[in-house]
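Under UniProt numbering, the first residue of the sequence shown carries the number 1, and numbering increases by one thereafter.
C-beta atoms are modelled at their ideal positions from N, C-alpha and C, and glycine is treated no differently.
Bear in mind the structure is a predicted one, so any value in this text is a computation, not a measurement.
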Amino acid sequence: MEELTGTRLKIYYFLLSQGKPMSLRKIQRELNISSPSVVQYHIKRLMEMGLVSETDEGYVVSKVILEDYVRIRSSLLPKSLFLSSFFVTSLIIGILLWRETEIALSYSLSVIGVAAAITIIDFMKKRRKVKF
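Structure below.
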């Protein structure tokens, strides 16, 4: 299966986030794509890949390929957001409760800080990929 990039990826994410059938014109307007024929070209490719299917009302995602994402209402959120939240909260609590300068505490805060930074960077990369 070829990798989804560019306009095709935007269309796929848009259909996935909508959760209901969308017409070619609606997709074109919402994503500011130059013409419906461009949308039709990419939809056809997505259908050939088995990711999108056509219904009477429009086009819908038939296969979800985003294992690293969770859909909450109409938003696609990377799973790393939840890890980031946990680590940032742990870091803040650790800093607030930091009374002694023990090496173990310093090490713990360093590890939590690095983990928080890594998951935040991962979240930001994935979020940028999903934005239309």
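Asked: Between G113 and the rest of its own chain, which residues show a CB-CB distance below 7 Å, the 5 nearest in sequence each way excluded?; Found: L91
Asked: Short check: CB of M64 to CB of V52, under 8 Å?; Found: Note that residue 64 is Val in the sequence shown here, rather than Met. No, the Cβ-Cβ distance between V64 and V52 is not below 8 Å.
Asked: Measuring straight from C-alpha to C-alpha, what distance separates G94 and E57?; Found: 53 Å
Asked: Shortest alpha-carbon distance to S62 belongs to which of T5, L9, L15 and G6?; Found: L15
Asked: Counting pairs of Cβ atoms below 8 Å between the region 35–43 and the region 3–14, do you hit three or more?; Found: yes
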